[in-house]
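Heads up: the sequence shown runs through residues 153 to 340, numbered per my numbering. Built from N, CA and C at the ideal position, the CB exists for glycine as well. A quick write-up on the structure given underneath.
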Amino acid sequence: GFLSIFSTAISYQYLTIATVIIFHLIQYTLIIEEVNTVRHALWKYKIISIILIVFFNEFLIYRIQKLTWKETKCTNDENCTRILLVADPQILGNYHESFYARFDSDRHLAQNYKVAVSFVKPNVIIFLGDLMDEGSIASDRQYLDYYERFMKIFPVPESVIPIYIAGDNDVGGEGGERILNVVADFVA
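Encoded structure:
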């Protein structure tokens, strides 16, 4: 009898220790799961935050900024000429900028231009030089590529009169040099 009671007491003691250990393991596992759940939730919030920031900065900001622009009204639409000035757009060149920088800059310029044209509804668009960043050092082929890229970024509606004014980055003169063939190309 005594041995049986003693072994039962030891069994209960081990059972109690085992229960406490299991309880602590379960508690530890739950804490780890909770920490992982919190980490997972934080990652979700970080990803959602990044997506919202990108959406705001890449799309929504153009619409919001447009709301701050003061609209001008003509008293007599027949005698009204709306002019949009596009100053110093400087599309990035191929020599000093990466593909991503050109892509991002072109997209940003095109988006702003599109919003401005839709807001102003101009009769005339005047592009004030410097239209191209590296126009003055471009070969004839590169200059034509810049021109085509410029026209894709800044399409002029058919009913609008475009005026292009060259700057030193377009035709030279920044360092004192004059590039006559580039001036001729720009005028043509």
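Checklist line | Rounded C-alpha distance that separates L155 from I183 | finding: Any answer about L155 is weak, because its pLDDT of 42 lies below 50 and its placement is not dependable; what the coordinates show is given next. Rounded to whole angstroms, L155 to I183 spans 41 Å at the Cα level.
Checklist line | 8 Å Cβ cutoff met for V276 and V312 | finding: yes
Next item on the list: Can you give me the start and stop residues for the beta strand (DSSP E) that V238 sits inside?
Entry: I235 to A239
Check: With C-beta atoms as the reference, is Y316 less than 8 Å away from F279?
Finding: yes
Next item on the list: Mark L194 as exposed unless 16 or more other C-beta atoms lie within 10 angstroms of its C-beta, in which case mark it buried.
Entry: exposed
Next item on the list: Assess, as a yes-or-no matter, whether the stretch 230-248 is touched by the stretch 280-299 under the definition of 3 or more beta carbon pairs within less than 8 Å.
Entry: yes
Next item on the list: Output the distance between the C-alpha atoms of T160 and Y180, rounded to the nearest integer angstrom.
Entry: Note that T160 scores a pLDDT of 44, beneath 50, so its modelled location is shaky; the value from the coordinates is reported in the next line. Near 29 Å, if we compare the C-alpha coordinates of Y180 and T160.
Item checked: Collapsed DSSP secondary structure at F211 in the structure displayed -> helix
Next item on the list: Pull up the distance between the alpha-carbon of N188 and that of I216, whole angstroms please.
Entry: 38 Å
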